[in-house]
Every structure is written in structure tokens, then in C-alpha cells.
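J.: One structure, pasted below without further comment.
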Amino acid sequence: MISPSATENTAAAQSAPAELVDAVRGVWADALETDLASVPAHASFLSLGGDSVLAVRMAAMLRKRLGAPLALADVRVEQSAAQLAALVHERSTGAGTGALRPLPLDLVRREDPEAPFPLLPLQQGYFVGQQDAWELSYRSAHHYVDIGLEDIDADEAPDALQDALERLAEHQAVLRARVLPDGRQHVLPLDDPDAIPQLRVTDLRDADEETAAARLAEIRHEMSTEGPDPSRGCGLDMRLTLLPGDRARLHSSTSLLIIDGWSSSVFYRDLFALASDYNAVLAPLDIDYGDYVTTLRELPGTRAWQEDRDWWYDRLDGFPLPPALPLAADPGEVRPTLMGTRQATLDPQRWATLRRLCTEHGVTPSAAMFAAFAAAVSRACGHRRFLLNTLQLNRLPLHPDVSRLVGAFSSTMLLPVDLPEAPVFADLAARAQQDIGDALAHNLITGVEVSRELGRRLGTHRPVAPVVFQSTLGVDAALGSEVPQEAGPLGAVDLLSHHQQLRTPQVALEVRLFELRGELVVVFSLVEELFAAEDVDRMFQDVMATVESLVRADGWSAVVELPNAVDAQDTDGLGTASGRRLSVPTKAKALDTEAGAPRDAVEEAVAAHWRKLLDCPVDERTADFFALGGDSLLAMRMLGSLHREGLGRVAPRRFLEQPTVAGLAAAIREAGGR
């Protein structure tokens, strides 16, 4: 189906100057690493091998070379070079329908690179989650991975790696970032003794295999369960374990507060380049992560952001609940320490075939994988309409260096799923492609902000979208290179020999898809305490069976078997259906709902504090902190301030049970406050 905007673009493309079309084709050729002759003017970016991730790089290149003020939302993978040239021409001449929008901000460097700057919305979620404020929280939100190294120079490798870390921390300022108690972040100066990540080395070269394996298991467990936290120290924990036979394991635990999926690829590519050669010099960066984040402070004041907010908010009342997956425990009662993992791969040959079939059907591999996951979730929960969360590599192309920065740029994006009764898979994937594209065209407001509003309307502070889809397929192509296979004294880098663990708050189940050395890797990360193992295994096998079927052409024309039910069975007042199933309560539990003015000194103290913090009247004891404009980060600041003022310490979870003036006052009294 062709959207109205695509139709308008096709008509406009007929008048785009030929030299401008050729200039866009040239940018595409460089982004796709091909020659100009291989980029026809009327072929879509998708059909030429592009995807939504590579489009980020392409949009930044257009902005740099052509001065094209295009928002990332203007750049759709279904467009041709001629259509995109028409957009550039329209924007530069001021002609056209006015339906298109320029990128609303220009990045400006900060005067003081060490000055505090805000956390982005998803960073706020991670930070608040580390305070045990939410269901499914952890003391640290982080990703752990260790990879194999072969033919290592054990005498040189530790020094080379530490030197590389020091130079990379100088190059990428966010590696020196710390999060302040008030929920802001700042970068330590290079001469601060705590600024540079310090490598730790374990020498097991003389150990027997059994001893070495046991010690490796200990390191993995420690780094998986006790991750780095930039509110208490360095956000990166890197270790090297030397093993017999010139082998080693490189361990890395990174805080999600400082590094996202795209950044991980940038980090390892640059780290190994520096470790390979003491004389290697990375291309300088004209901006840093703090410049980008500080610039985004102006985004909510723009018309484009407000239009995106309205687009999402106008749809929220029709959003479904999360999938009613069968549960073994209530998410509010479990205290997980580690997420479980299921992992499988598709070999390079079959993965290449699947990508080719995606192109033939006009969808990105990520859209096809989303459709496969959605179908498996539907069969597991027994209904076809539900809400999923997605993690997006949401880097606005404000500057050509944005794609080269390490930082926590990622954002969530909510995607309502409404599957037809008996589709063929190709139609299901095309529908996913359209839905994802429409949502990405309104990406200036983040999924975290949309989720807050959805939670407010549902009357809940539980996670509204705890089932997550994440794809970083195409990142290596977007970066122009992959992690090298040789790294000097570190020897051969064996990415296929890897072990990983994830801890991310408010997530019950997350599927992650990425590429390693030409293979497709599919990973389930989940809170094991919530699900029966056989249910998770069945759903994971379901996903992989669909992935395997898509290597054959007939897999795309096969009818997808889905449940008859559109929605989950009715839920009770606690938001759980019979048999205990994942859902969200429609109303928060009310402990004291009698209206009126604050009754005593504690309630009046709370109300006075809220008036000052939220800059609004607080005259009712039933006034809700979040309805008054508060958010989770402000709630953490507020609770900390009340404690420092001597009213008492209240746990965030207790506050969320009833976030009203009366409710907080009752919690203060329970805690022994005044």
C-alpha cells in the first residue's frame, strides 16, 4: 500500500533537478558501499540493500554533503533516490505541500564540557529502576559479554588493552560519565584519578582446565549480577582472563546508562583498532554526547515534537494491554537478580538467503523478524491484539559525528499489534513494515514519555509494555565496518565464542536480534521466575521455526496459524486473568480516597513540597503526583528531599502504591517519620 506522502513524493520527484537526484544517488552509493551505476534513480533504498539502521547514516551524510535539513522521519527505506531528491529540493526552495517537516534543531556545543546535563528519558528509566522503584528492578542495569581471543601475546596484551582504554576514554567522553544523585550526568576531567576505566587481569595460564573453567564461571557470575553503576563509579568494567594455550577471554560489563547497542559496536571497533596499534589515531570528534543531549532539551518546545506527541496521544485510548502470557509468579512479588537466556543462530548462507527474500518482498529483515516474534507471542498468549515495546537506535542526525559517538541514545517505541485472523506471512511482514515505518515517522517523542502518559490513563504505575523487541540488524553496515578479526597483541577475535547476560528494568521478556560474523543471532532474555521453562522454550522454538521457514520462498506464502480470540479474556481488578497472566491493572489500589484539604502537619508538608517542586496548586489530599505533572525522576528527587528535610525515608515502591498527598503521608508515618 502506498501512503499519501509517498504518492506526493512520487509526483514531486518528476520535477527534481537531475543533478540533485545524482547527488542523492552518490550519497546512497557511499552508504551502501557500491558504485553510482548500481543505484537507479527510481529504485527504493530497501531494494538496494538498505534498511532503517543504515538510513540513519545515510541521513547524516545527506545533511553534511547537501545541507539537507531532513528529519530522520523524512527518510523512509521505501523511498527512491528521486523521491528523496524531491524532498531536498522542496525543502531548499520552500515549495510543496507543507506536510513535510525539517529537523527542528541544530546541534550546539556546550561552553563547559564538564557541566552537568540531563538524562535522556530511557536513561531516566534505568536510573529510577536501579533505586528499586519498579517491578522487575535491579541494582544495576547492564549488559555483560565475554568473547574469545586466540593466539594472544600474553605479555603485551594487558598493557595494549589498558592503553587503548585510556585513549578511548579521552576520545569518547561518555566513558568518563557519572550520574549525580539528582538524576543528572556529567563527565569527569581526564586528570581525575577515577576518570579512566581500569582493566583487571586474571592469569590462569598455568591452571588446569577444570580450575580455569570454575574461575571463568565465577567471573561471569560476578560481572553478570554485580554490574557497573555510573552513579557509584565507572560505568564500564573490563577484565582480561589469560588462559593456557595462548588463549584468553575478554570480559566487558557496560552500564545501559552510558552505552546502547549501536554504541557497543562503535566501542569495540575503536577499542580493538587502538589495541592493535599504539600509534593508531581515531578521527577526531567535533561534538560529544553531552552536546547532543543538551541540544535535545529544546525539542519539546518545537512544533514537530508537539505534533509527534499529539499523534501518539490521540491513539493511546485505543491501545491494547500487553500480551496475556501465562505466568508462574506475580511480577510485583519477584526480586530477580539475573535474566535467563535462550539463544540460537542462523548460519551465514541461510541468513543471506533470508535477507534476499526480505528484499524481494519489500520488507526489512527487522520487520520480518518482528512479524515472526509477534506471531509466536500471539500463539503463546492465545489472542491476536496486544501491545509490544521496541528498542530503537534513535539517533537524530543533528551532526555527522552523531553516528560515531558512544552514548545511551536508544529510545523505546510502543507498537500496538492487531494481527489478522489467517494471514500469509508476506502480508504479515508487510503490515509490520508499514506499522513500524508509521511509528518511526513520529519518533521525536520517546516511548518512555508515551508510556508515562499511557500509565497515567490506565491508572497504573506498573510497566505498561514489559515485552520487548530489539533489533540491531544492519549496524555494522551503517558504521561502515565490523569488529576486526585481528587485534594485534590481543590476537584473533572470536566473536562466535561469546557468552552474554542482560539486566534491564521493567522488562519481563525481550527478544534481541543481531549479526556476528555473518550469522543471525536470536536471543531471548527473560525473568525466569515469571514463566514456566517449558512455556519459554516453546515460544523460543516457535520463533526459530518461523525464522527457519523464511529461508524458503514457500515460507513467505504460508498461512500463519493464529488464535481465534482477538483480545485476552476479561481481567479482574488486579489486572490478572484467571490462571495468572501477564497484564496491567486498570486502576491503582486506593488506600485512602477521602477528599479534602490536607488534614495534618505531615500532609501539609508533603503538599507544600509538591507545590514548590511541581510549580502548581496542591490543595487536595487525594492529588496524584503524576497527574500533577510529576514523573519517575522527579519522584526520586522528591523522596530524597523529604528524607533530607527530616520527614522520613519512604521506599519508592511504597510511594507508588498510592502516589497522593495522603498516601505519601501515610507511608511517612508507617516508616516512623513525623
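Residue numbers for the sequence shown follow our numbering, so the first one is 682 and each next one is one higher. Note that the Cβ used here is the ideal one computed from N, Cα and C, for glycine as well. Treat the numbers as computed from the prediction; the structure is a model and nothing was measured.
Between the Cα of residue 741 and the Cα atoms of 1318, 1078, 760, which residue gives the shortest distance?
T.: When only C-alpha atoms are compared, the closest one is 1078.
J.: Rounded to the nearest angstrom, what separates residue 1255 and residue 1192 at their Cα positions?
T.: With a pLDDT of 42 at residue 1255, under the threshold of 50, the modelled position of this residue cannot be trusted; read the value that follows with caution. In a straight line, the C-alpha of residue 1255 is about 27 Å away from that of residue 1192.
J.: If I follow the unbroken beta strand (DSSP E) through residue 1174, where does it start and stop?
T.: Its beta strand (DSSP E) spans residues 1173-1184.
J.: Is the beta carbon of residue 1098 sitting closer than 8 Å to the one on residue 1003?
T.: Result no, Cβ atoms of residue 1098 and residue 1003 do not sit closer than 8 Å.
J.: Could you check what DSSP says for residue 1374 in three-state terms: helix, strand or coil?
T.: Nothing can be reported for residue 1374: it is not among the residues displayed for the chain, which extend from 682 to 1355.
J.: Which class does residue 841 belong to by DSSP, given the choice of helix, strand or coil?
T.: Correct three-state label for residue 841: helix.
J.: Helix, strand or coil: how does DSSP classify residue 732 here?
T.: The answer is coil: DSSP assigns residue 732 none of H, G, I, E or B.
J.: Give me the residue from 1194, 1219, 1185, 1196 with the minimum Cα distance to residue 1208.
T.: That would be 1185, whose Cα lies nearest to the Cα of residue 1208.
J.: Could you give the first and the last residue of the continuous beta strand (DSSP E) run that contains residue 868?
T.: Here the beta strand (DSSP E) through residue 868 covers 865-868.
J.: Closest to residue 911 by CA distance: which of 1167, 820, 1040 is it?
T.: Per the Cα distances, 820.
J.: From the DSSP output, in three-state form, read off residue 1228 for me.
T.: Note: residue 1228 maps to helix in three-state DSSP.
J.: Per DSSP, what are the beta-bridge partners of residue 825 in this structure?
T.: The partner list for residue 825 (beta bridge, DSSP) reads 934, 1182.
J.: Would you identify the three-state DSSP class for residue 1350, choosing helix, strand or coil?
T.: It is helical.
J.: If you reduce the DSSP assignment to three classes, tell me which class residue 760 lands in.
T.: Residue 760: coil per DSSP, three-state reduction.
J.: Taking residue 896 as part of the alpha helix (DSSP H), name the residues at either end of that continuous run.
T.: Here the alpha helix (DSSP H) through residue 896 covers 890-906.
J.: Count the CB pairs spanning the region 879-894 and the region 915-923 that are closer than 8 Å, and state whether there are at least three.
T.: These segments touch.
J.: Name the residue from 1221, 1295, 1318, 1347 whose alpha carbon lies nearest to the alpha carbon of residue 1281.
T.: Taking only the C-alpha atoms, the option nearest residue 1281 is 1347.
J.: Look at residue 1264 and residue 964 and say whether their C-beta atoms are less than 8 Å apart.
T.: Contact flag unset, no.
J.: Need the endpoints of the beta strand (DSSP E) that residue 1191 sits in, please.
T.: Looking at the DSSP string, the run of the beta strand (DSSP E) that includes residue 1191 is 1190-1197.
J.: For residue 803 and residue 1144, what's the separation of their Cα atoms in angstroms?
T.: Computed Cα separation, rounded: 13 Å.
J.: Return the first residue and the last residue of the beta strand (DSSP E) that residue 1166 is part of.
T.: First-last for residue 1166: undefined, no H or E at that position.
J.: Quick one: using the 10 Å Cβ neighbour count with 16 as the cut-off for buried, is residue 861 buried or exposed?
T.: Burial call: exposed.
J.: If contact is defined by three or more beta carbon pairs under 8 Å, each pair taking one atom from either stretch, is the region 1018-1026 in contact with the region 698-715?
T.: At 8 Å Cβ cutoff, the stretches do not touch.
J.: Quick test of your reading: residue 724 and residue 758, contact by CB under 8 Å. State the CB separation rounded to the nearest angstrom.
T.: Not quite, the Cβ-Cβ distance comes to about 12 Å (not below 8 Å), so this is no contact.
J.: So is residue 950 buried or exposed if we call it buried at 16+ other beta carbons inside 10 Å?
T.: The residue is buried, with at least 16 neighbouring Cβ atoms inside 10 Å.
J.: The beta strand (DSSP E) spanning residue 920 covers which residue range?
T.: Here the beta strand (DSSP E) through residue 920 covers 917-924.
J.: In terms of residue numbering, what span does the alpha helix (DSSP H) encompassing residue 1283 cover?
T.: Residues 1282-1295.
J.: Cβ atoms of residue 1109 and residue 1068: under 8 Å apart, would you say?
T.: No.
J.: With distances taken from CA atoms, which of 1081, 873, 1123 is nearest residue 748?
T.: Ranking 1081, 873, 1123 by Cα distance to residue 748 puts 1081 first.
J.: Going by DSSP in three states, residue 1099 sits in which element: helix, strand or coil?
T.: If DSSP states are grouped into helix, strand and coil, residue 1099 belongs with the strands.
J.: Looking only at C-alpha atoms, which of 829, 1150, 999 sits nearest to residue 1048?
T.: When each option's Cα is compared against that of residue 1048, the closest is 1150.
J.: Considering only residues of the same chain and omitting the five flanking positions on each side of residue 983, which have a CB-CB separation below 6 Å?
T.: Closer than 6 Å at the Cβ level, and outside the excluded window around residue 983, lie 785.
J.: State yes or no: is the C-beta of residue 1300 within less than 8 Å of the C-beta of residue 1278?
T.: Yes; because the gap between Cβ atoms is below 8 Å, this pair is in contact.
J.: My parser needs the alpha helix (DSSP H) runs of 4 or more residues fully inside the region 978-1061; what are they?
T.: Listed in chain order, the complete alpha helix (DSSP H) runs (minimum 4 residues) inside the region 978-1061 are 984-994, 1029-1041.
J.: Applying the criterion that 16 or more other CB atoms from any shown protein chain within 10 Å of the CB defines a buried residue, is residue 1046 buried or exposed?
T.: Result: buried.
J.: Among 1040, 699, 1212, whose alpha-carbon lies nearest the alpha-carbon of residue 1007?
T.: Out of 1040, 699, 1212, 1212 has the C-alpha closest to the C-alpha of residue 1007.
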